[in-house]
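J.: Quick note on the working numbering: the sequence shown kicks off at 27 and runs consecutively.
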Amino acid sequence: MASKSALRVEEILHQKGDTISEAEYVFEESLDKGKKRQQHLHVKRATFDELAVTNKKLSIKFDDFLTVVRLFLMGEYEDKDIIEAFTLLDTDQSNSIDLTELATFMPVIVPGSNKFILLRHFEPADTNKDYTLCLEEFTAFVKKGVIRDLALGRI
Numbered sequence: 027m028a029s030k031s032a033l034r035v036e037e038i039l040h041q042k043g044d045t046i047s048e049a050e051y052v053f054e055e056s057l058d059k060g061k062k063r064q065q066h067l068h069v070k071r072a073t074f075d076e077l078a079v080t081n082k083k084l085s086i087k088f089d090d091f092l093t094v095v096r097l098f099l100m101g102e103y104e105d106k107d108i109i110e111a112f113t114l115l116d117t118d119q120s121n122s123i124d125l126t127e128l129a130t131f132m133p134v135i136v137p138g139s140n141k142f143i144l145l146r147h148f149e150p151a152d153t154n155k156d157y158t159l160c161l162e163e164f165t166a167f168v169k170k171g172v173i174r175d176l177a178l179g180r181i
């Protein structure tokens, strides 16, 4: 018999002056028999900035990056949120997101991750197998919660 759980997510923004220095995501999962499990995920500007220095393909600003992270981790979104995140990730303005564009920022959310880890979960969403996601494929990918599940170690 499969267990049922409910997941609640809270976003806490930490600031230094007028600048967001970190976004903390607190995941609280209600498990069977009244048990709860809590996990914290920290998305830090310093980590993002270090990655940006070493990876010239990272052409998104941290505050915009948080818009994308929020979409992937919070699990609540409207169509306009998905379109905004898609536009931010489509750094070459090709109307598609390739695996490299998506994988570029993954180590900030999932330390130690790389494009090969993401590829395994990216491929099922890539219905035409061109290693890119159009808006429709990206929407399906987001709705599956793949990035959140990777961040929480569920997959």
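Built from N, CA and C at the ideal position, the CB exists for glycine as well.
In three-state DSSP terms, what is residue 86?
T.: coil
J.: Using only the alpha-carbon positions, how far apart do residue 52 and residue 118 sit?
T.: 33 angstroms
J.: If you follow the beta strand (DSSP E) that residue 111 is in, where does it begin and where does it stop?
T.: Note, residue 111: premise wrong, no beta strand (DSSP E); alpha helix (DSSP H) at 105-115.
J.: Are the beta-carbon atoms belonging to residue 164 and residue 123 less than 8 angstroms from one another?
T.: Yes, the Cβ-Cβ distance between residue 164 and residue 123 is below 8 angstroms.
J.: Given residue 49, which residues of its chain have a CB within under 7 angstroms of its CB, disregarding the five upstream and five downstream residues?
T.: 37, 39, 69, 92 and 95
J.: First and last residue of the alpha helix (DSSP H) that includes residue 136?
T.: Residue 136 -> no alpha helix (DSSP H), and no H or E assigned at all.
J.: Mind checking whether residue 174 and residue 74 have CB atoms under 8 angstroms apart?
T.: no
J.: In the DSSP assignment, the alpha helix (DSSP H) including residue 72 goes from what residue to what residue?
T.: 71-80
J.: What does the Cβ neighbour count give for residue 6, buried or exposed, with the cut at 16 atoms within 10 Å?
T.: Residue coverage of the chain in this structure runs from 27 to 181, which leaves residue 6 outside it and unanswerable.
J.: Compare the beta carbon distance of residue 35 and residue 132 with 8 angstroms and say whether it is the shorter of the two.
T.: no
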